[in-house]
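> In the numbering used here, the protein residues as written are 392 to 831.
#1: Which value, in whole angstroms, describes the spacing of the CA atoms of residue 730 and residue 736?
#2: For residue 828, does the three-state DSSP call read helix, strand or coil?
#3: Please state whether the Cβ-Cβ distance between residue 753 and residue 781 is less than 8 Å.
#4: What's the call for residue 621, buried or exposed, on a 16-neighbour Cβ count within 10 Å?
#5: With distances taken from CA atoms, which of 543, 551 and 574 is nearest residue 561?
#6: Can you say whether residue 552 is buried or exposed, counting buried as having 16 or more other CB atoms within 10 angstroms of its CB?
#7: Using beta-carbon positions only, say whether residue 554 and residue 567 come within less than 8 Å of one another.
#8: Tell whether a beta-carbon distance below 8 Å holds between residue 653 and residue 608.
#9: Taking all protein chains shown into account, do 16 or more other C-beta atoms lie within 10 angstroms of the C-beta of residue 761, making it buried, or fewer, making it exposed?
#10: Run the CB neighbour count on residue 826, radius 10 Å, all protein chains shown included, and call it buried at 16 or more, exposed below.
#11: Smallest Cα separation from residue 704: which of 774, 717, 743 and 795?
#12: Quick one: is residue 649 buried, meaning 16 or more other Cβ sit within 10 Å of its Cβ, or exposed?
#13: Buried or exposed for residue 803, going by 16 or more other Cβ atoms inside 10 Å?
#14: Provide the residue span of the beta strand (DSSP E) that contains residue 614, from first to last.
#15: Beta-carbon separation of residue 787 and residue 710 under 8 Å?
#16: Are the beta-carbon atoms of residue 720 and residue 767 separated by less than 8 Å?
#17: Which whole-angstrom value describes the C-beta separation of residue 604 and residue 591, a residue pair presumed to lie in contact below a C-beta threshold of 8 Å?
#18: Quick check: the Cα distance between residue 881 and residue 672, rounded to an integer number of angstroms?
#19: Can you give me the Cβ contacts of residue 662 inside the same chain, cut-off strictly under 7 Å, excluding the 5 residues immediately before and after it?
#20: Can you find the residues in the same chain that come closer than 6 Å, C-beta to C-beta, to residue 813, ignoring five residues on each side of it along the sequence?
#21: Closest to residue 610 by CA distance: which of 744, 823 and 830 is it?
#22: Starting from residue 547, trace the beta strand (DSSP E) in both directions and tell me its first and last residue.
#23: So is residue 748 buried or exposed if we call it buried at 16+ other beta carbons inside 10 Å?
#24: At the level of alpha carbons, what is the spacing between residue 808 and residue 660?
#25: Could you tell me the boundaries of the alpha helix (DSSP H) in which residue 688 lies?
#26: What is the rounded straight-line gap between the Cα of residue 511 and the Cα of residue 502?
#27: Classify residue 624 as helix, strand or coil using the three-state DSSP reduction.
#28: Report back the beta-carbon spacing between residue 712 and residue 774 to the nearest angstrom; my notes put them in contact at under 8 Å.
#29: What span of residues does the beta strand (DSSP E) with residue 785 cover, start to end?
#30: Taking the C-alpha atoms as reference points, what is the distance between residue 547 and residue 529?
#31: What are the residues that DSSP puts in a beta bridge with residue 840?
#32: Start and end of the beta strand (DSSP E) containing residue 655?
#33: Using the Cα positions of residue 533 and residue 580, report the straight-line distance between them to the nearest angstrom.
#34: What separation, rounded to the nearest whole angstrom, lies between the Cα atoms of residue 485 and residue 746?
#35: Looking at the strands, I want to know which residues DSSP matches up with residue 563.
#36: Just how far apart, CA to CA, sit residue 623 and residue 514?
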């Protein structure tokens with residue numbers, strides 16, 4: 392042994408100086424690892440990995456470098472999300488979404504937030520440059536496939552002109568419809584006898600009319616809790632073509648519940664405000680925490696699962712937050728889920744009005760219960776590492792009209808009202824409509 396050591400020393404001394412420095416550094420590093428090995432591989436550190444393996448994750452290769460949680464192989468028990476009667480009857484055509492153009496919107500910014508492929512948006516804009524000139528108040532509606540491929544886009548330029556773009560053989564074909572009929576304002580009144588949907592239909596409202604009323608008043612009224620005998624009055628502008636109804640637009644609504652009147656009126660920007668031109672929408676927080684944390688995995692509806700190699704959409708954003716970080720409600724709403732799920736771990740879902748929903752997953756502790764009302768910024772949970780997760784993080788989702796959107800980039804409702812000339816014009820219109828919205 393002594394001869395081996397002596398030979399090693401002689402060989403080391405004959406090495407060039409740079410090689411001796413490198414070899415010496417590696418020796419010191421090896422000794423340091425050996426000294427600290429008992430701490431690094433203590434039973435306390437091994438326990439979380441053992442627990443994960445026991446939860447049917449034997450196929451996952453857990454490595455320290457796995458910064459992107461492999462938590463998106465299922466739909467997170469979407470079937471367990473409660474749906475009310477309005478969700479079932481007023482949601483409209485499956486796969487159809489809509490958006491009213493507001494200041495700063497572009498075709499790309501609108502469709503990107505819903506996960507529409509950039510190549511489809513680019514192709515549309517190249518074929519039809521007019522789509523780059525969207526105006527405030529115009530509306531877009533579109534149909535997606537299950538893979539978020541764009542099938543049809545409808546651009547309502549004005550009351551008279553609509554342009555439709557259908558996918559045909561790898562490109563898009565435009566069709567233009569110009570309506571020359573007459574617009575008529577119609578008042579429809581009624582009172583609840585059962586639920587709002589059936590009562591509104593009995594008063595003459597169509598499914599699209601009912602959907603528009605619900606969306607306009609969603610921040611003020613819980614339609615599931617309306618009582619028999621309560622009254623409503625709706626002002627609709629309808630397009631009459633060859634004596635038949637061709638199109639309609641909600642102008643104003645008044646609903647009396649609990650002895651109080653609630654109003655919503657359409658402005659020139661296509662959005663709804665109250666009698667005083669204040670916004671009816673409830674604002675949202677982009678980050679459901681008290682401070683911003685690093686994004687460890689971004690929203691990606693076409694994400695490739697690193698384990699299976701298949702497309703497994705990442706419908707939310709993952710924040711690298713320490714375990715025990717307070718999780719906040721992104722907006723005012725009602726808790727519809729607060730429970731343990733095999734994949735999502737402890738998770739909370741909150742419904743905001745009838746169009747919006749947020750979900751918070753992999754939580755350590757739940758602080759709210761189903762049916763509980765929450766305000767924006769309320770503490771709803773503590774972050775954790777439960778469910779299918781390879782490290783502590785918070786998975787946050789935002790859904791609009793039952794479609795997952797990117798919560799960091801999507802255009803959220805604003806609480807500001809109208810000002811200046813826009814407000815003066817709006818109030819003059821409201822004065823005329825108020826006289827028409829009389830109750831029985």
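Idealized CB from N, CA, C, for every residue including glycine.
Looking at the coordinates:
#1: 8 Å
#2: coil
#3: no
#4: buried
#5: 543
#6: exposed
#7: yes
#8: yes
#9: exposed
#10: exposed
#11: 795
#12: exposed
#13: buried
#14: It is not in any beta strand (DSSP E) - residue 614 carries neither H nor E in the DSSP assignment.
#15: yes
#16: yes
#17: 7 Å
#18: Coverage of the chain is limited to positions 392 through 831, which leaves residue 881 absent and any answer about it impossible.
#19: 491
#20: none
#21: 744
#22: 541-547
#23: buried
#24: 12 Å
#25: Not the alpha helix (DSSP H): residue 688 falls in the beta strand (DSSP E), residues 686-688.
#26: 10 Å
#27: strand
#28: 5 Å
#29: 785-791
#30: 6 Å
#31: Only positions 392 to 831 of the chain appear in the structure, and residue 840 is not among them; the question remains open.
#32: 651-657
#33: 31 Å
#34: Residue confidence is low: residue 485 scores 44 on pLDDT, short of 50, so the model does not pin down where it sits. Its coordinate-derived value is still stated next. Distance between the alpha carbons of residue 485 and residue 746: 14 Å.
#35: 558
#36: 45 Å
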